[in-house]
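**Student:**
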Amino acid sequence: MAGTKGMQTRRRIVELAAPVFNRQGYVGASMRDLTGATGLEKGGIYNHFGSKEQLALEAYDYALSRVTEGLARSQDGATDAVDRLQRMIHAFAKFARKPAIAGGCPIMNTAIEADDTHPELRDRARNSMTQWHRLIGRIVKDGIAAGELAPATDPYALAALLTSSLEGALMLSRLYDDPAYTDRVVAHLSAHVDTLRAEPEETK
Numbered sequence: 585m586a587g588t589k590g591m592q593t594r595r596r597i598v599e600l601a602a603p604v605f606n607r608q609g610y611v612g613a614s615m616r617d618l619t620g621a622t623g624l625e626k627g628g629i630y631n632h633f634g635s636k637e638q639l640a641l642e643a644y645d646y647a648l649s650r651v652t653e654g655l656a657r658s659q660d661g662a663t664d665a666v667d668r669l670q671r672m673i674h675a676f677a678k679f680a681r682k683p684a685i686a687g688g689c690p691i692m693n694t695a696i697e698a699d700d701t702h703p704e705l706r707d708r709a710r711n712s713m714t715q716w717h718r719l720i721g722r723i724v725k726d727g728i729a730a731g732e733l734a735p736a737t738d739p740y741a742l743a744a745l746l747t748s749s750l751e752g753a754l755m756l757s758r759l760y761d762d763p764a765y766t767d768r769v770v771a772h773l774s775a776h777v778d779t780l781r782a783e784p785e786e787t788k
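One rule links them: number in the working numbering = place in the sequence shown (from 1) + 584.
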């Protein structure tokens, strides 16, 4: 029972600390900020985490899980590769209005803040983006094999286009406090993905 209670407390600390790190970054988040968010004294936090770094890494993993859960749910009921890609695009767009975790996209925030200051967090963000690229690539490859996408569709180029465009649009929406920036990019990407459908003669 004590172990279960300890795990629950640990998870609660991670959940409450994640928005702090996501908004303020590893360097910007002070122990005072973390104690204020969790309601625990410094010693109470260190009783569950050996260091601020360990808490930051677990907080990043939790924040990312909130994003990936939303993207995964968007795939429910998808009919083909084009539909899967468009659902992913629109799901990410919702983050401009209602972030999965306060502070915006943890991949972008961590990649920018930890580029030179925290290699392990940077590597976490890089791995997350790589996984996203691979997911898009798998959708494209499966779509080509199923005759749903044009054979010439480049999975690597499309993955780079979608992720960089969406992350950039989200950054502008946050900078100007206006989701319209994301809406415009989403409309453009959705239309572009629709042009990748295989022509009837290409499926023969």
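C-beta atoms are modelled at their ideal positions from N, C-alpha and C, and glycine is treated no differently.
1. Quick one, which of Ser748, Arg650, Thr714 and Glu697 has its alpha-carbon nearest Gly612's?
2. Hey, how far is the Cα of Pro763 from the Cα of Arg681?
3. Who are the Cβ neighbours of Thr622 in its own chain at under 7 Å, not counting the five residues just before and after it?
4. If we count Cβ pairs, one from each stretch, closer than 8 Å, do we get three or more for the stretch 741-760 versus the stretch 666-678?
5. Starting from Leu549, follow the alpha helix (DSSP H) in both directions and report where the run begins and ends.
6. So who's on the other strand from Leu624, going by DSSP bridges?
7. State the start and end residues of the unbroken alpha helix (DSSP H) segment that holds Asp660.
8. Nearest-angstrom Cα distance between Asp608 and Thr779?
9. On the CB-based measure, 16 or more other CB atoms within 10 Å of its CB, does Ala730 come out buried or exposed?
10. In terms of residues, what are the limits of the alpha helix (DSSP H) holding Lys725?
11. Would you kindly work out how many angstroms separate the C-alpha atoms of Glu704 and Tyr760, rounded to a whole number?
12. Please classify Lys788 as buried or exposed, where buried requires at least 16 other C-beta atoms within 10 Å of its C-beta.
13. Let me know the secondary structure DSSP gives Arg781 once reduced to three states.
14. Could you name the residues that DSSP lists as bridge partners for Leu733?
15. Could you pull out every residue in the same chain whose Cβ sits closer than 6 Å to the Cβ of Phe633, ignoring the five residues on either side in sequence?
16. According to DSSP, is Gly688 helix, strand or coil?
17. Can you tell which of Glu751, Ser635 and Glu783 has the C-alpha that lies nearest to the C-alpha of Arg768?
18. Taking only three categories from DSSP, how would you classify Asn693?
19. Mind checking whether Ile728 and Ser712 have CB atoms under 8 Å apart?
20. Under a Cβ-count criterion, where at least 16 other Cβ atoms within 10 Å of its own Cβ denotes burial, should Ala741 be classed as buried or exposed?
**Tutor:** Taking the definition as stated:
1. Ranked by Cα distance from Gly612, the first of Ser748, Arg650, Thr714 and Glu697 is Glu697.
2. Between Pro763 and Arg681, the C-alpha separation is close to 6 Å.
3. Ile597, Leu600, Ala601 and Ile629, listed in sequence order.
4. Output reads yes: the stretch 666-678 touches the stretch 741-760.
5. Nothing about residue 549 can be reported from this structure: the residues present for the chain run from 585 to 788 only.
6. DSSP, once it has assigned bridges, lists no residue as partnering Leu624.
7. Unbroken run through Asp660: none, as it is neither H nor E.
8. Going by the sequence as given, residue 608 is Gln instead of Asp. Between the alpha carbons of Gln608 and Thr779 lies a distance of about 40 Å.
9. Under the 10 Å beta carbon count, Ala730 is surrounded by fewer than 16 other beta carbons and is classified as exposed.
10. Secondary structure note for Lys725: its alpha helix (DSSP H) is the uninterrupted segment Pro703 to Ala729.
11. Rounded to the nearest whole angstrom, the CA to CA distance from Glu704 to Tyr760 is 30 Å.
12. For Lys788, the predicted structure reports a pLDDT of 49, less than 50, and the residue's modelled location is therefore unreliable. The matter cannot be settled from this model.
13. Looking at Arg781 - three-state DSSP - the assignment turns out to be strand.
14. Answer is Arg781.
15. Closer than 6 Å at Cβ, skipping near neighbours: Leu639.
16. Here Gly688 sits in coil by DSSP.
17. Ranked by Cα distance from Arg768, the first of Glu751, Ser635 and Glu783 is Glu751.
18. Three-state result, Asn693: helix.
19. Note that the C-beta distance between Ile728 and Ser712 is not below 8 Å.
20. Here Ala741 is exposed: its Cβ has fewer than 16 other Cβ atoms, across all protein chains shown, within 10 Å.
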